[in-house]
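S.K.:
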Amino acid sequence: MQNCYIRDNPESEVSLHEAEQLTEIIEIANTGSFSQAARNLYASQPSLSRSVKQLEEEVGFQIFERTSRGVIPTPRGKHLLDRARAISGECEDILADCQNQKCGFRNTLHVASMQCRITSYLPPSVLKYVGTNTNVIMLNCANYAEIFNLVSTIQVDYALIQVLSTYIQSIKLKLRTMDIEYHPISRHKIAALIGPRNPLWTLESVCTEQLNPYTILSWATSKQEAKYNYAEALGFIHTALGNLQTNNPKVFFQTIHETSSVGLLAMEPHRFPSMCEYDDLHLIPITDCEIYSETAWIKLRRIPLSDIAFDSLMSTIPVL
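Residues in the sequence shown are numbered from 27 upward in steps of one, following the numbering used here.
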């Protein structure tokens with residue numbers, strides 16, 4: 027394979043092949059898995075393993091080690107990853123600046139989120155930029171790995187996520203290894219969303235045992251993230267009549283409205299009507315549920331927020 031080189035001085039050169047290898051090890055570190063990284067990069071696992079082995083031979087040390095918790099970087103590998111992410115981020119900045127100059131944008135704002143409730147509140151916070159010379163890109167991610175990758179490679183200014191209380195510490199630990207800041211915004215207990223076809227519709231509160239005879243609907247962004255959903259956290263996966271997981275808001279609300287199924291949401295009841303077209307769905311407390319969902323914003327530690335990113339974040343936080 028013939029390498030092309032990018033030179034900024036005779037003593038330093040980075041080939042495009044080596045740049046690809048840096049992208050590969052970043053993805054492996056983000057996912058904690060060679061197989062998942064290969065899928066995300068549209069590559070085969072054997073070819074990815076060979077590429078990493080070749081890079082390890084070139085740098086002279088082992089980059090990753092396999093543990094019961096998955097693939098994690100060695101101490102020297104972590105240092106290499108920090109440098110790789112810095113290089114990747116600088117490349118993204120250069121490309122973004124070139125694109126902005128080409129398109130004539132004075133400001134750019136890139137925001138990512140992973141949960142339907144957060145996404146529903148983002149548009150009002152960016153309406154102020156309509157009619158201005160601003161480029162706003164809002165991304166809705168499929169899973170934590172995708173959103174963490176966007177943040178770590180500086181493809182977004184910041185991201186908004188929701189994390190169940192049972193997983194907050196593990197998510198924070200993951201973000202700390204990626205040098206990503208975690209800033210909590212609000213907490214809301216999980217509540218039951220009930221429609222008029224359910225006998226519990228007239229109640230002001232319920233307990234988990236009362237929900238077991240029904241099909242439970244919860245939000246799941248992907249098969250890999252299913253363990254983070256509300257039904258799993260409350261034990262309904264094993265106790266309820268049935269479980270339905272979807273990432274489609276229309277399916278979620280329509281099913282609750284037209285059947286006796288029960289949905290699980292974590293939000294303030296007075297904010298719910300703005301999310302749904304049905305005015306006869308009731309969001310009621312689950313009295314014996316102590317599990318809550320925490321909304322937070324995250325960003326790469328070494329990159330300060332731009333003025334426009336800070337302004338949009340300050341506009342979004344009050345409604346979350």
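Even glycine gets a Cβ: it sits at the ideal position worked out from N, Cα and C.
Any contact between the segment 66–76 and the segment 95–109? By contact I mean 3 or more CB pairs, one from each, below 8 Å.
M.R.: In short, these stretches do not touch, since the Cβ pair count stays below three.
S.K.: Whose C-alpha, out of Y304, M204, V162, D337, is nearest the C-alpha of Y170?
M.R.: M204
S.K.: Ordered along the chain, which non-local residues of its own chain (more than five positions away) have a Cβ less than 7 Å from that of Q47?
M.R.: So the list reads S77, L81, once near-sequence residues are dropped.
S.K.: Going by DSSP, name the residue or residues bridged to K79.
M.R.: According to DSSP, K79 bridges with nothing at all.
S.K.: Is the separation between the beta-carbon of I317 and that of L260 shorter than 9 Å?
M.R.: yes
S.K.: Which term fits T342, buried or exposed, when burial requires 16 or more other beta carbons within 10 angstroms of its beta carbon?
M.R.: buried
S.K.: From S332 to D183, what does the alpha carbon distance come to, in whole angstroms?
M.R.: 8 Å
S.K.: Return the bridge partner residues of Q271 from the DSSP annotation.
M.R.: S244
S.K.: Anyone know if the C-beta pair for V137 and A185 falls short of 9 Å?
M.R.: Against a cut-off of 9 Å, the Cβ pair of A185 and V137 comes out as a contact.
S.K.: Would you grab the beta carbon distance between I216 and C302 for me? Rounded to a whole angstrom, and I think it's under 8 Å.
M.R.: Not confirmed; about 17 Å, so no contact.
S.K.: What does N133 pair with, by DSSP beta-bridge criteria?
M.R.: Answer is T160.
S.K.: Starting from T321, follow its DSSP beta bridges and name the residues at the other end.
M.R.: Answer is Q188, S212, bridged to T321.
S.K.: Just the C-alpha distance for Q195 and Q188, rounded to the nearest angstrom, thanks.
M.R.: 13 Å
S.K.: Just reading off the alpha helix (DSSP H) that I343 is part of, what are its end residues?
M.R.: Element bounds for I343: n/a, residue is neither H nor E.
S.K.: Suppose the cutoff is 6 Å on Cβ atoms and the five residues either side in sequence are ignored; what does the same chain contact list for P295 look like?
M.R.: L309
S.K.: Going by DSSP in three states, L106 sits in which element: helix, strand or coil?
M.R.: L106 falls in the helix class under three-state DSSP.
S.K.: By DSSP, does S286 sit in helix, in strand, or in coil?
M.R.: coil
S.K.: So, with DSSP's three-state summary, where would you put N255?
M.R.: In the three-state scheme derived from DSSP, where H, G and I count as helix and E and B as strand, N255 is classed as coil.
S.K.: Pairs of beta-carbons, one from the segment 222–231 and one from the segment 280–292, closer than 8 Å: are there three or more?
M.R.: yes
S.K.: Going by DSSP, name the residue or residues bridged to G349.
M.R.: The question about residue 349 has no answer here: the residues shown for the chain are numbered 27 through 346.
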